[in-house]
Amino acid sequence: MLLITGTSGALGSLIARQLADRPDVLLGTREPDGPGQVRVDFDDPESLDFSGVDTLLLISAGYGEDDQVIARHGAAITAAEQAGVGHVVYTSLAGAGDHLPYALPHRWTERRLRESSLTWTVLRNGLYAELLAALAPPGPDGLITAPLGEGRLAAVAREDLADVAVRVALAPHEHAGQVYELVGDQPLGGAELAAATGARYAPGTLAEARAALSGPGSPAYQVPMLVATYSTIAADFLATPDTGTLRHLLPHTPRPALTAYKSALST
-12 MLLITGTSGA LGSLIARQLA DRPDVLLGTR EPDGPGQVRV DFDDPESLDF SGVDTLLLIS
48 AGYGEDDQVI ARHGAAITAA EQAGVGHVVY TSLAGAGDHL PYALPHRWTE RRLRESSLTW
108 TVLRNGLYAE LLAALAPPGP DGLITAPLGE GRLAAVARED LADVAVRVAL APHEHAGQVY
168 ELVGDQPLGG AELAAATGAR YAPGTLAEAR AALSGPGSPA YQVPMLVATY STIAADFLAT
228 PDTGTLRHLL PHTPRPALTA YKSALST
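The opening position of the sequence shown corresponds to residue -12 in my numbering, with each subsequent residue numbered one higher.
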């Protein structure tokens, strides 16, 4: 039996869509409301029961402070050990993302898996091309003002990451002990985004971005997280393109990141 966690999130929902009709797949969510769904709440460790699960596709339970995310992942791995899960496939963060503030929980989780009794595979996902649609959209005035400087991002289409996760999770024994770097093959910067949308690139400052993000209701951890993402892209730490890993693992040619970016702008 394959259990997929985090199926209510953006990546998890794409994976679930591909596998939902399989009788050997369970979809984990905080609030199950349909057939084939089971309750998986990492904030309630006592409720985690992975009995009968052969493969656990552990989609990162991010969007929180580091200690909260680490606690969630630790609880999931401990529950997998206790239940005798055969293999854990974990969606981590690309190695180039070590300068990002949210890298630490991912690296902690990778270390916890290496030290565990489990067989594992790590999918180090690059930042989504769809994220650029949120970070660097053209404004009503036709300007992209995101503070990306001259930096670029080897963004990857989220659907491609979902396709890789499905392929690995359905045949985990073929990928045991592997750490896969999954980034895009065409790094994008502000100039490329502007050209693709008929906009003009006029990058602002990090201080301006911080002020714009710091509106009422913004989670306290989110503002520095997003500002640091801009900063890391601008410093060109995330520009190294795919060297063939993504192409090797996909059953098709990688989707163009610009296409994913423009599609996300229209949704």
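No residue lacks a Cβ here, since even glycine has one placed at the ideal position from N, Cα and C.
Nothing here was measured: the structure is a model prediction, and the numbers come from that model.
Query                                                                                                                                                                        : Result
First and last residue of the alpha helix (DSSP H) that includes serine 0?                                                                                                   : -3 to 6
Would you call proline 174 buried or exposed, if buried means 16 or more other Cβ atoms sit within 10 Å of its Cβ?                                                           : buried
Whole angstroms is fine: what's the gap from glycine 15's alpha carbon to arginine 26's?                                                                                     : 6 Å
Are the beta-carbon atoms belonging to valine 109 and serine 79 less than 8 Å from one another?                                                                              : yes
Return helix, strand or coil for arginine 26, following the three-state DSSP convention.                                                                                     : strand
Helix, strand or coil: how does DSSP classify glycine 204 here?                                                                                                              : coil
Please say whether arginine 154 and tyrosine 115 have beta carbons closer to each other than 8 Å?                                                                            : no
Which residues in the same chain as threonine 232 place their Cβ atom closer than 7 Å to its Cβ, once the five residues preceding and following it in sequence are excluded? : Tyr167, Glu168, Leu169
Can you list, in chain order, the residues of its chain whose CB lies under 6 Å from that of histidine 60, leaving out five sequence neighbours each side?                   : Thr96
If you compare alpha carbons, which of Asp53, Ala67, Asp223 is closest to leucine 91?                                                                                        : Asp53
Could you tell me if tyrosine 50 is buried or exposed, where buried requires 16 or more neighbouring beta carbons within 10 angstroms of its beta carbon?                    : exposed
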